[in-house]
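Asks:
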Amino acid sequence: MQEKIIELPRSRRKSVFDRGVPIFAARLSFLVSILIAGFTIFLGWLEGSLFYKANGLIALTDIVNSAVLLTAVAHSEREPDTFFNYGYGKYESFAIFVSSSLITIVTIYTIYEAIISFGGGFVPIGNYFYLIIFSFFSFFLMWQMHKILMSYWRRFQLPILRYDAELWKFDAYIELGVILNLTFCVLLDKLNLPQEARFLDSISALVFVAFAMRIPVKFGKKSIDQLLDRTLPEQFHYDILSVIAENFRFLCEFRNIYARQSGKDIFVEIDIVLPYDFTLEEAYEIEKQIVSKIKEMYPTSIPRVYVTPCSRDCIYDGGDKCPVRKWKKERGVQS
Numbered sequence: 003m004q005e006k007i008i009e010l011p012r013s014r015r016k017s018v019f020d021r022g023v024p025i026f027a028a029r030l031s032f033l034v035s036i037l038i039a040g041f042t043i044f045l046g047w048l049e050g051s052l053f054y055k056a057n058g059l060i061a062l063t064d065i066v067n068s069a070v071l072l073t074a075v076a077h078s079e080r081e082p083d084t085f086f087n088y089g090y091g092k093y094e095s096f097a098i099f100v101s102s103s104l105i106t107i108v109t110i111y112t113i114y115e116a117i118i119s120f121g122g123g124f125v126p127i128g129n130y131f132y133l134i135i136f137s138f139f140s141f142f143l144m145w146q147m148h149k150i151l152m153s154y155w156r157r158f159q160l161p162i163l164r165y166d167a168e169l170w171k172f173d174a175y176i177e178l179g180v181i182l183n184l185t186f187c188v189l190l191d192k193l194n195l196p197q198e199a200r201f202l203d204s205i206s207a208l209v210f211v212a213f214a215m216r217i218p219v220k221f222g223k224k225s226i227d228q229l230l231d232r233t234l235p236e237q238f239h240y241d242i243l244s245v246i247a248e249n250f251r252f253l254c255e256f257r258n259i260y261a262r263q264s265g266k267d268i269f270v271e272i273d274i275v276l277p278y279d280f281t282l283e284e285a286y287e288i289e290k291q292i293v294s295k296i297k298e299m300y301p302t303s304i305p306r307v308y309v310t311p312c313s314r315d316c317i318y319d320g321g322d323k324c325p326v327r328k329w330k331k332e333r334g335v336q337s
């Protein structure tokens with residue numbers, strides 16, 4: 003009887019338009035964010051609305067966020083045995099840093115333009131109709147992106163998709179505020195108060211960028227600290243050495259300390275030597291004592307203790323003078 007051979011399906015390259023993968027939603031989010039930001043900036047410049055230009059410039063941060071989403075989702079689709087997905091926190095921090103920098107630049111530009119608007123000659127805003135129509139269109143796109151990303155999140159259970167969906171929802175609410183502001187400007191313009199409408203436009207732009215500045219104020223320094231690992235002061239190393247000294251009677255040898263700070267997290271790596279015949283339980287007990295003491299002193303620390311067995315060639319080998327063996331005897335444990 004001839005043996006039946008089962009042929010595995012050949013892997014084919016995924017199309018960029020394949021809706022059955024989570025990265026499709028990420029790509030769509032990226033493209034829509036570029037579309038909205040580009041047209042908003044163009045219309046704000048074309049019609050002379052500072053508020054609309056500021057809204058479009060701040061929308062550039064959505065492009066950065068969507069690019070990070072695209073990168074994160076692309077990484078999540080890699081095979082786990084061929085790609086080690088490390089350091090996503092760095093992607094987040096970089097996105098926050100770039101967004102904060104963009105918002106700061108936009109704020110400076112908006113303040114400069116507002117001062118010119120208040121002090122210079124009066125220039126009326128162009129056609130409000132185009133601005134309102136595109137704002138309604140933007141609101142529709144934003145809300146649809148929220149719904150699409152939520153459906154992909156429920157399907158694939160990727161938390162980053164829900165995070166981006168919430169960002170689009172928040173942007174949609176902001177766009178409603180933009181529409182409301184434009185409506186007030188139209189009413190003032192219809193009442194033959196174009197100068198007041200221009201004043202409201204400039205004031206709204208300043209309020210809008212002041213609201214957006216909460217991102218760099220709140221997260222800017224934190225993102226820089228996260229991106230740039232900081233060295234720790236000498237006092238920190240002395241504190242760690244004091245913990246080692248307290249537990250030195252349990253060790254054959256203390257070798258090194260490696261410490262760095264990234265944001266609020268303090269990473270500590272300690273190399274020690276223990277007797278070759280220690281059980282895992284005994285080694286874990288000593289490690290737990292060291293780690294718990296460091297965590298007590300520095301709650302945001304992430305300590306790691308690396309244990310190397312002794313080489314059996316110490317001067318106490320074969321005798322009862324080994325401090326670690328003496329400690330074991332005091333605990334009533336047979337050597």
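Quick note, my numbering runs 2 ahead of the 1-based positions in the sequence shown.
Just so you know, even glycine gets a beta-carbon here, dropped at the ideal spot from N, CA and C.
Does the count of Cβ pairs from the segment 56-72 and the segment 160-169 closer than 8 Å reach three?
Replies: Cβ pair count under 8 Å is three or more, so yes.
Asks: So, does the segment 126-140 touch the segment 41-58, judging by three or more C-beta pairs under 8 Å?
Replies: Cβ pair count under 8 Å is three or more, so yes.
Asks: List the DSSP bridge partners of aspartate 203.
Replies: Its beta-bridge partners do not exist; DSSP assigns none.
Asks: Would you kindly check if the distance between the Cβ of isoleucine 150 and the Cβ of alanine 27 is under 8 Å?
Replies: For alanine 27 and isoleucine 150, yes; Cβs fall inside 8 Å.
Asks: Along the chain, where does the beta strand (DSSP E) that runs through serine 303 open and close?
Replies: First-last of the beta strand (DSSP E) with serine 303: 303-311.
Asks: To the nearest angstrom, how far is it from the Cα of leucine 189 to the Cα of serine 303?
Replies: So the two alpha carbons sit approximately 58 Å from each other.
Asks: Does the distance from the C-beta atom of alanine 214 to that of isoleucine 65 stay below 8 Å?
Replies: Not a contact, by the Cβ cut-off of 8 Å.
Asks: Counting pairs of Cβ atoms below 8 Å between the segment 185-199 and the segment 31-40, do you hit three or more?
Replies: Contact between the segment 185-199 and the segment 31-40 is absent, because fewer than three Cβ pairs lie under 8 Å.
Asks: Do alanine 76 and isoleucine 25 have their C-beta atoms within less than 8 Å of each other?
Replies: Contact flag set, yes.
Asks: Suppose contacts are defined by Cβ-Cβ distances below 8 Å. Is asparagine 183 in contact with serine 153 by that definition?
Replies: No, Cβ-Cβ distance for asparagine 183 and serine 153 is not below 8 Å.
Asks: Please state whether DSSP places tyrosine 132 in a helix, a strand or coil.
Replies: Tyrosine 132 falls in the helix class under three-state DSSP.
Asks: Counting Cβ pairs, one atom from each stretch, are 3 or more of them under 8 Å apart for the segment 267-279 and the segment 246-255?
Replies: Touching, yes.
Asks: On the CB-based measure, 16 or more other CB atoms within 10 Å of its CB, does alanine 74 come out buried or exposed?
Replies: Label assigned to alanine 74: buried.
Asks: Measure the C-alpha to C-alpha separation of valine 326 and leucine 243 and round it to an integer number of angstroms.
Replies: Their Cα atoms are separated by approximately 19 Å.
Asks: Asparagine 57 lies in the alpha helix (DSSP H); which residues open and close that run?
Replies: Asparagine 57 -> alpha helix (DSSP H) spans 52-60.
Asks: Out of curiosity, what's the CA-to-CA distance linking glycine 179 and methionine 144?
Replies: Cα to Cα, glycine 179 sits roughly 14 Å from methionine 144.
Asks: Buried or exposed for glutamate 289, going by 16 or more other Cβ atoms inside 10 Å?
Replies: The residue in question, glutamate 289, is buried, as its Cβ has 16 or more Cβ neighbours within 10 Å.
Asks: Taking the alpha-carbon of phenylalanine 141 as reference, which of Gln197, Ser313 and Tyr175 has the nearest alpha-carbon?
Replies: Selected option, being the one with the closest Cα: Tyr175.
Asks: Just to confirm the assignment, what range does the alpha helix (DSSP H) spanning asparagine 183 have?
Replies: From DSSP, the alpha helix (DSSP H) with asparagine 183 extends over 161-192.
Asks: Do you know offhand how far tryptophan 155's Cα is from isoleucine 43's?
Replies: Each residue's Cα considered, the two are about 31 Å apart.
Asks: Select from Tyr130, Ser101 and Leu160 the residue whose C-alpha is nearest the C-alpha of valine 23.
Replies: Cα-wise, what sits closest to valine 23 is Leu160.
Asks: Can you check DSSP and say which residues form a bridge with phenylalanine 269?
Replies: According to DSSP, phenylalanine 269 bridges with Arg262 and Ile304.
Asks: State yes or no: is the C-beta of leucine 208 within less than 8 Å of the C-beta of threonine 112?
Replies: In contact: leucine 208 and threonine 112 (Cβ atoms closer than 8 Å).
Asks: Over what stretch of residues does the alpha helix (DSSP H) that includes aspartate 241 continue unbroken?
Replies: Unbroken alpha helix (DSSP H) run through aspartate 241: 236-248.
Asks: Ordered along the chain, which non-local residues of its own chain (more than five positions away) have a Cβ less than 6 Å from that of threonine 310?
Replies: Contacts found: Val275.
Asks: Identify whether phenylalanine 280 lies in helix, strand or coil by the three-state DSSP scheme.
Replies: Coil at phenylalanine 280, not helix or strand.
Asks: Considering only residues of the same chain and omitting the five flanking positions on each side of serine 204, which have a CB-CB separation below 6 Å?
Replies: So the qualifying residues of the chain are Leu52, Ala116 and Ser119.
Asks: Does the beta-carbon of threonine 233 have 16 or more other beta-carbons within 10 angstroms, so that it is buried, or is it exposed?
Replies: Exposed: under 16 other Cβ atoms inside 10 Å.
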